[in-house]
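Residue numbers (my numbering): 24 to 310.
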(Lines of atoms letter the chains of each structure in order from A; the text may use other names.)
(Lines give C-alpha, C1' and ligand atoms only; values in the text may rest on other atoms or scores of the structure.)
Protein backbone atom coordinates (compact mmCIF):
# COMPACT_ATOMS: atom_id res chain seq x y z
CA UNK A 24 0.00 0.00 0.00
CA UNK A 25 1.37 3.41 -0.93
CA UNK A 26 1.89 6.29 1.44
CA UNK A 27 -1.05 8.15 -0.11
CA UNK A 28 -3.37 5.20 0.46
CA UNK A 29 -2.22 4.90 4.09
CA UNK A 30 -2.94 8.57 4.70
CA UNK A 31 -6.34 8.33 3.03
CA UNK A 32 -7.49 5.39 5.18
CA UNK A 33 -7.96 7.40 8.42
CA UNK A 34 -9.77 10.13 6.49
CA UNK A 35 -12.11 7.51 5.03
CA UNK A 36 -12.83 6.03 8.44
CA UNK A 37 -13.42 9.47 10.00
CA UNK A 38 -16.82 10.25 8.44
CA UNK A 39 -17.95 6.64 8.94
CA UNK A 40 -17.02 6.69 12.63
CA UNK A 41 -18.75 10.06 13.05
CA UNK A 42 -21.92 8.72 11.39
CA UNK A 43 -21.93 5.68 13.67
CA UNK A 44 -21.48 7.88 16.71
CA UNK A 45 -24.36 10.10 15.64
CA UNK A 46 -26.60 7.06 15.15
CA UNK A 47 -25.66 5.65 18.55
CA UNK A 48 -26.27 8.94 20.36
CA UNK A 49 -29.54 9.49 18.51
CA UNK A 50 -30.71 5.99 19.46
CA UNK A 51 -29.77 6.51 23.11
CA UNK A 52 -31.50 9.89 23.17
CA UNK A 53 -34.67 8.37 21.71
CA UNK A 54 -34.59 5.53 24.25
CA UNK A 55 -34.08 8.02 27.10
CA UNK A 56 -37.02 10.08 25.89
CA UNK A 57 -39.26 7.00 25.79
CA UNK A 58 -38.23 6.13 29.35
CA UNK A 59 -38.87 9.70 30.53
CA UNK A 60 -42.33 10.01 28.94
CA UNK A 61 -44.22 8.61 32.00
CA UNK A 62 -42.29 10.91 34.33
CA UNK A 63 -42.89 13.93 32.11
CA UNK A 64 -46.59 13.10 31.93
CA UNK A 65 -46.70 12.80 35.74
CA UNK A 66 -45.09 16.24 36.14
CA UNK A 67 -47.44 17.73 33.57
CA UNK A 68 -50.51 16.19 35.25
CA UNK A 69 -49.43 17.50 38.65
CA UNK A 70 -49.66 21.07 37.31
CA UNK A 71 -53.16 20.73 35.84
CA UNK A 72 -56.71 20.95 37.07
CA UNK A 73 -58.21 17.56 37.80
CA UNK A 74 -60.53 17.77 34.77
CA UNK A 75 -57.62 18.43 32.42
CA UNK A 76 -55.47 15.42 33.34
CA UNK A 77 -56.96 12.97 30.81
CA UNK A 78 -57.78 15.33 27.97
CA UNK A 79 -57.37 13.98 24.43
CA UNK A 80 -55.08 14.84 22.78
CA UNK A 81 -52.64 15.11 25.70
CA UNK A 82 -51.69 18.65 26.67
CA UNK A 83 -48.07 18.26 27.67
CA UNK A 84 -47.82 21.92 28.64
CA UNK A 85 -50.77 22.98 30.83
CA UNK A 86 -52.64 26.04 29.68
CA UNK A 87 -53.03 27.20 33.27
CA UNK A 88 -50.31 26.02 35.65
CA UNK A 89 -51.77 24.93 38.98
CA UNK A 90 -48.81 25.57 41.25
CA UNK A 91 -51.22 25.55 44.17
CA UNK A 92 -51.40 21.76 43.93
CA UNK A 93 -47.97 21.56 45.56
CA UNK A 94 -49.17 23.54 48.56
CA UNK A 95 -52.67 22.11 48.85
CA UNK A 96 -51.52 18.49 49.14
CA UNK A 97 -49.72 19.28 52.39
CA UNK A 98 -53.11 20.14 53.91
CA UNK A 99 -54.85 17.05 52.55
CA UNK A 100 -52.56 14.49 54.25
CA UNK A 101 -49.70 14.74 56.81
CA UNK A 102 -47.16 14.63 54.01
CA UNK A 103 -44.41 16.21 56.12
CA UNK A 104 -44.70 13.37 58.65
CA UNK A 105 -44.57 10.74 55.90
CA UNK A 106 -41.54 12.35 54.28
CA UNK A 107 -39.77 12.74 57.62
CA UNK A 108 -40.31 9.08 58.47
CA UNK A 109 -39.06 8.00 55.06
CA UNK A 110 -35.96 10.16 55.27
CA UNK A 111 -35.18 8.86 58.76
CA UNK A 112 -35.54 5.20 57.80
CA UNK A 113 -33.65 5.63 54.55
CA UNK A 114 -30.69 7.38 56.20
CA UNK A 115 -30.43 4.99 59.16
CA UNK A 116 -30.78 1.80 57.10
CA UNK A 117 -28.38 3.09 54.45
CA UNK A 118 -25.76 3.96 57.08
CA UNK A 119 -26.06 0.56 58.77
CA UNK A 120 -25.98 -1.39 55.51
CA UNK A 121 -22.88 0.46 54.32
CA UNK A 122 -21.23 -0.04 57.71
CA UNK A 123 -22.00 -3.75 58.10
CA UNK A 124 -21.59 -4.56 54.41
CA UNK A 125 -18.19 -2.94 54.08
CA UNK A 126 -16.93 -4.47 57.34
CA UNK A 127 -18.08 -8.01 56.52
CA UNK A 128 -16.72 -7.68 52.99
CA UNK A 129 -13.30 -6.82 54.38
CA UNK A 130 -13.25 -10.09 56.29
CA UNK A 131 -14.27 -12.09 53.23
CA UNK A 132 -11.77 -10.32 50.95
CA UNK A 133 -8.64 -9.63 53.02
CA UNK A 134 -8.70 -11.83 56.12
CA UNK A 135 -7.64 -15.46 55.70
CA UNK A 136 -9.44 -18.07 57.78
CA UNK A 137 -10.59 -21.64 57.27
CA UNK A 138 -13.83 -21.98 55.34
CA UNK A 139 -13.88 -18.33 54.28
CA UNK A 140 -14.90 -18.91 50.68
CA UNK A 141 -17.47 -21.56 51.61
CA UNK A 142 -19.04 -19.29 54.19
CA UNK A 143 -19.11 -16.46 51.68
CA UNK A 144 -20.85 -18.60 49.07
CA UNK A 145 -23.44 -19.75 51.61
CA UNK A 146 -24.06 -16.18 52.70
CA UNK A 147 -24.41 -14.89 49.15
CA UNK A 148 -26.72 -17.80 48.31
CA UNK A 149 -29.32 -16.20 50.58
CA UNK A 150 -29.89 -13.63 47.84
CA UNK A 151 -31.58 -16.39 45.82
CA UNK A 152 -34.11 -17.07 48.60
CA UNK A 153 -37.29 -15.04 47.92
CA UNK A 154 -38.35 -12.73 50.72
CA UNK A 155 -41.84 -14.24 50.70
CA UNK A 156 -40.34 -17.54 51.91
CA UNK A 157 -39.26 -16.12 55.27
CA UNK A 158 -41.59 -13.13 55.54
CA UNK A 159 -43.93 -14.80 58.05
CA UNK A 160 -41.17 -16.17 60.35
CA UNK A 161 -39.60 -12.72 60.42
CA UNK A 162 -42.89 -11.14 61.40
CA UNK A 163 -43.42 -13.69 64.17
CA UNK A 164 -39.93 -12.94 65.51
CA UNK A 165 -40.59 -9.20 65.54
CA UNK A 166 -44.00 -9.72 67.12
CA UNK A 167 -42.58 -11.85 69.95
CA UNK A 168 -39.88 -9.23 70.48
CA UNK A 169 -42.66 -6.58 70.66
CA UNK A 170 -41.03 -4.56 67.90
CA UNK A 171 -43.95 -4.44 65.47
CA UNK A 172 -45.38 -0.97 64.81
CA UNK A 173 -41.95 0.52 65.53
CA UNK A 174 -39.11 1.64 63.30
CA UNK A 175 -36.84 -0.88 65.02
CA UNK A 176 -38.47 -3.77 63.16
CA UNK A 177 -37.54 -2.33 59.76
CA UNK A 178 -34.11 -1.12 60.89
CA UNK A 179 -33.05 -4.46 62.37
CA UNK A 180 -34.31 -6.49 59.43
CA UNK A 181 -32.73 -4.29 56.77
CA UNK A 182 -29.48 -3.28 58.47
CA UNK A 183 -27.70 -6.28 56.97
CA UNK A 184 -27.69 -7.26 53.30
CA UNK A 185 -25.87 -9.98 51.36
CA UNK A 186 -25.84 -7.88 48.21
CA UNK A 187 -23.91 -5.10 49.93
CA UNK A 188 -21.31 -7.59 51.17
CA UNK A 189 -20.95 -9.01 47.67
CA UNK A 190 -20.60 -5.58 46.07
CA UNK A 191 -18.01 -4.37 48.55
CA UNK A 192 -16.02 -7.63 48.49
CA UNK A 193 -15.72 -7.48 44.72
CA UNK A 194 -14.32 -3.97 45.00
CA UNK A 195 -11.97 -4.86 47.84
CA UNK A 196 -10.48 -7.61 45.66
CA UNK A 197 -9.23 -4.93 43.26
CA UNK A 198 -7.14 -3.37 46.06
CA UNK A 199 -3.66 -4.96 46.28
CA UNK A 200 -3.13 -7.26 49.27
CA UNK A 201 0.33 -5.76 49.71
CA UNK A 202 -1.24 -2.65 51.24
CA UNK A 203 -2.86 -4.70 53.98
CA UNK A 204 0.30 -6.75 54.58
CA UNK A 205 2.39 -3.60 54.90
CA UNK A 206 -0.11 -2.15 57.36
CA UNK A 207 -0.01 -5.34 59.45
CA UNK A 208 3.80 -5.21 59.51
CA UNK A 209 3.56 -1.63 60.79
CA UNK A 210 1.34 -2.85 63.64
CA UNK A 211 -2.04 -1.65 62.40
CA UNK A 212 -4.97 -3.77 63.57
CA UNK A 213 -7.56 -5.26 61.24
CA UNK A 214 -10.02 -2.60 62.35
CA UNK A 215 -7.47 0.09 61.57
CA UNK A 216 -6.73 -1.38 58.13
CA UNK A 217 -10.43 -1.42 57.33
CA UNK A 218 -11.06 2.11 58.57
CA UNK A 219 -7.85 3.86 57.48
CA UNK A 220 -6.96 2.05 54.25
CA UNK A 221 -9.89 0.14 52.77
CA UNK A 222 -12.67 2.66 53.30
CA UNK A 223 -10.82 5.69 51.85
CA UNK A 224 -9.91 3.63 48.77
CA UNK A 225 -13.47 2.37 48.31
CA UNK A 226 -15.44 5.59 47.99
CA UNK A 227 -16.98 4.70 44.58
CA UNK A 228 -18.23 1.33 45.86
CA UNK A 229 -19.47 2.88 49.09
CA UNK A 230 -21.35 5.52 47.11
CA UNK A 231 -22.90 2.85 44.88
CA UNK A 232 -24.04 0.76 47.83
CA UNK A 233 -25.37 3.82 49.65
CA UNK A 234 -27.31 5.00 46.62
CA UNK A 235 -28.84 1.59 45.89
CA UNK A 236 -29.79 1.06 49.54
CA UNK A 237 -31.26 4.54 49.92
CA UNK A 238 -33.41 4.23 46.80
CA UNK A 239 -34.56 0.72 47.73
CA UNK A 240 -35.50 1.81 51.26
CA UNK A 241 -37.24 4.95 50.03
CA UNK A 242 -39.37 2.97 47.57
CA UNK A 243 -40.11 0.10 49.96
CA UNK A 244 -43.83 -0.47 50.37
CA UNK A 245 -44.29 -4.01 51.67
CA UNK A 246 -41.97 -3.68 54.66
CA UNK A 247 -43.68 -0.60 56.17
CA UNK A 248 -47.08 -2.00 55.16
CA UNK A 249 -46.48 -5.17 57.19
CA UNK A 250 -44.80 -3.74 60.28
CA UNK A 251 -46.16 -0.19 60.66
CA UNK A 252 -49.81 0.32 61.58
CA UNK A 253 -49.81 3.74 63.28
CA UNK A 254 -50.44 6.60 60.90
CA UNK A 255 -47.75 8.75 62.48
CA UNK A 256 -45.16 6.09 61.57
CA UNK A 257 -46.14 5.68 57.93
CA UNK A 258 -43.69 6.31 55.11
CA UNK A 259 -44.38 8.27 51.94
CA UNK A 260 -45.34 5.10 50.04
CA UNK A 261 -47.99 4.15 52.59
CA UNK A 262 -49.18 7.74 52.76
CA UNK A 263 -49.64 7.97 49.00
CA UNK A 264 -51.53 4.67 48.95
CA UNK A 265 -53.83 5.96 51.68
CA UNK A 266 -54.31 9.19 49.75
CA UNK A 267 -55.32 7.24 46.64
CA UNK A 268 -57.86 5.34 48.70
CA UNK A 269 -59.39 8.54 50.08
CA UNK A 270 -59.29 10.66 46.91
CA UNK A 271 -59.49 8.02 44.19
CA UNK A 272 -60.75 10.51 41.58
CA UNK A 273 -58.39 13.40 42.33
CA UNK A 274 -55.77 12.45 39.77
CA UNK A 275 -53.99 15.79 39.73
CA UNK A 276 -53.29 15.53 43.46
CA UNK A 277 -52.17 11.92 43.06
CA UNK A 278 -49.61 13.01 40.49
CA UNK A 279 -48.53 15.88 42.73
CA UNK A 280 -47.84 13.49 45.58
CA UNK A 281 -46.00 11.14 43.24
CA UNK A 282 -43.76 13.96 42.02
CA UNK A 283 -42.92 14.95 45.60
CA UNK A 284 -42.06 11.34 46.44
CA UNK A 285 -39.84 10.85 43.39
CA UNK A 286 -38.07 14.21 43.43
CA UNK A 287 -35.69 13.57 46.39
CA UNK A 288 -34.30 10.26 45.10
CA UNK A 289 -33.98 11.68 41.59
CA UNK A 290 -31.87 14.55 42.91
CA UNK A 291 -29.73 12.17 44.98
CA UNK A 292 -29.20 9.87 42.02
CA UNK A 293 -28.21 12.73 39.72
CA UNK A 294 -25.71 14.00 42.30
CA UNK A 295 -24.18 10.57 42.88
CA UNK A 296 -24.40 8.95 39.46
CA UNK A 297 -20.71 9.44 38.67
CA UNK A 298 -19.62 7.54 41.79
CA UNK A 299 -22.38 5.00 41.23
CA UNK A 300 -21.25 4.13 37.70
CA UNK A 301 -17.61 4.03 38.72
CA UNK A 302 -18.30 1.79 41.68
CA UNK A 303 -20.45 -0.69 39.78
CA UNK A 304 -17.97 -0.84 36.91
CA UNK A 305 -15.03 -1.46 39.23
CA UNK A 306 -16.74 -4.04 41.44
CA UNK A 307 -16.66 -6.74 38.80
CA UNK A 308 -13.04 -6.38 37.70
CA UNK A 309 -11.78 -9.24 39.84
CA UNK A 310 -13.65 -12.24 41.22
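C-beta: ideal position from N, C-alpha, C; glycine also.
request  = Let me know the secondary structure DSSP gives residue 95 once reduced to three states.
outcome  = Here residue 95 carries a helix assignment [DSSP, helix/strand/coil].
Let me know the secondary structure DSSP gives residue 212 once reduced to three states. Correct three-state label for residue 212: coil.
Exercise for review: Output the boundary residues of the alpha helix (DSSP H) element that contains residue 247.
Suggested key: Residue 247 -> alpha helix (DSSP H) spans 245-250.
Exercise for review: Give the range of the alpha helix (DSSP H) segment to which residue 103 is assigned.
Suggested key: 102-133 is the span of the alpha helix (DSSP H), which, as asked, contains residue 103.
Distance, residue 239 Cα to residue 148 Cα: The straight-line gap separating the alpha-carbon atoms of residue 148 and residue 239 is approximately 20 Å.
*If we count Cβ pairs, one from each stretch, closer than 8 Å, do we get three or more for the stretch 73-80 versus the stretch 261-279?*
Inter-segment contact for the stretch 73-80 and the stretch 261-279 is present: three or more beta-carbon pairs are separated by less than 8 Å.
Is there contact between the stretch 195-211 and the stretch 129-142, where contact requires at least three CB pairs shorter than 8 Å?
-> Touching, per the Cβ criterion.
Compute the distance between the beta-carbons of residue 233 and residue 121, then report whether it is under 8 Å. Yes.
* Do residue 293 and residue 231 have their CB atoms nearer than 8 Å? -> Remark: C-beta atoms of residue 293 and residue 231 do not approach each other more closely than 8 Å.
| said: My output table needs one value for residue 40: the three-state DSSP class, helix, strand or coil. | reply: Residue 40 falls in the helix class under three-state DSSP.
By how many angstroms is the C-alpha of residue 186 removed from the C-alpha of residue 151?
Residue 151 and residue 186 have their C-alpha atoms spaced approximately 11 Å apart.
### Message
Measuring CB atoms only, is the stretch 211-223 touching the stretch 152-162, in the sense that at least three cross pairs come out at less than 8 Å?
### Response
A contact between stretches requires three or more CB pairs, one per stretch, nearer than 8 Å, and the stretch 211-223 fails this requirement with the stretch 152-162.
| query | Does DSSP put residue 76 in a helix, in a strand, or in coil? | reply | Three-state DSSP puts residue 76 in coil, outside helix and strand.
Would you say the beta carbon of residue 155 comes nearer than 7 Å to a heavy atom of the ligand FAD? The model depicted lacks the ligand FAD and carries no ligand whatsoever.
Discussion item. Please state whether the Cβ-Cβ distance between residue 247 and residue 180 is less than 8 Å.
Written reply: Not a contact, by the Cβ cut-off of 8 Å.
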